[in-house]
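**Q** Dumping the structure here so I can ask a few things about it.
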Amino acid sequence: MSEHQSCGNNRPFSGIVTVDWLFDHIEDGEVAVVDVRPAGAYSLGHIAGAIDLDLNALQLNESRPESIHTFNERARVILCDAGISPEHRVVFYEEFSGAMAARGVWLLDYLGLRNGAMLDGGLRAWDAVGGTITTEPVMPTP
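Going by the working numbering, the first residue of the sequence shown is number 748, and it counts up by one from there.
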């Protein structure tokens with residue numbers, strides 16, 4: 748087992764969360780908020796406390812067993828390096844609800860983790876209800 752194999756957990760978690768849910772849980776220490784918008788968008792403003800994660804860096808171009816193994820390990824390393832731990836519930840978001848946030852949830856599910864969700868309405872919904880948006884980057888602690 749690699750050192751990164753445990754970066755997630757098997758706790759059931761709904762695939763979509765509301766901004767109300769995020770308001771109630773964002774500071775409880777168990778939630779990792781992940782901005783998966785296109786490069787550059789994070790620096791223009793993001794949910795306070797969110798980390799920036801480029802899911803496009805994770806691509807599987809071959810279906811050979813070695814390639815799949817490499818992809819799985821790379822995904823685990825990227826998640827761990829982003830500071831996502833087994834205790835986190837991971838909330839992915841985009842500008843609105845979108846395919847990249849859904850891909851983040853799918854990725855965790857594919858890796859056997861059941862702790863991902865996307866933010867319903869994304870950053871726009873968060874902003875519309877007065878959620879804190881900042882340009883201060885978050886430096887993850889692996």
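Here a beta-carbon is modelled for each residue, glycine too, at the ideal position from N, C-alpha and C.
Counting Cβ pairs closer than 8 Å, one from the segment 768-780 and one from the segment 830-838, do we hit at least three?
**A** yes
**Q** Apart from the five residues on each side of it in sequence, which residues of its chain come closer than 8 Å, Cβ to Cβ, to D828?
**A** By 1-based counting over the sequence shown, the position of residue 828 is 81. Here the set comprises P887, P889.
**Q** Just the Cα atoms here: how many angstroms apart are F839 and A848?
**A** If you number the sequence shown from 1, residue 839 lands on position 92. If you number the sequence shown from 1, residue 848 lands on position 101. A straight line joining the alpha-carbon of F839 with that of A848 spans about 5 Å.
**Q** Along the chain, where does the beta strand (DSSP E) containing M865 start, and where does it finish?
**A** Translated into positions along the sequence shown, residue 865 becomes position 118. Note, M865: beta strand (DSSP E), 863-866.
**Q** For P884, is the classification buried or exposed, using 16 other Cβ atoms within 10 angstroms of its Cβ as the cut-off for buried?
**A** The sequence position of residue 884 within the sequence shown is 137, counting from 1. P884 comes out exposed.
**Q** Opposite R836 in the DSSP bridges: which residues?
**A** Within the sequence shown, numbered from 1, the residue matching residue 836 stands at position 89. Looking at the DSSP assignment, R836 forms a beta bridge with V778.
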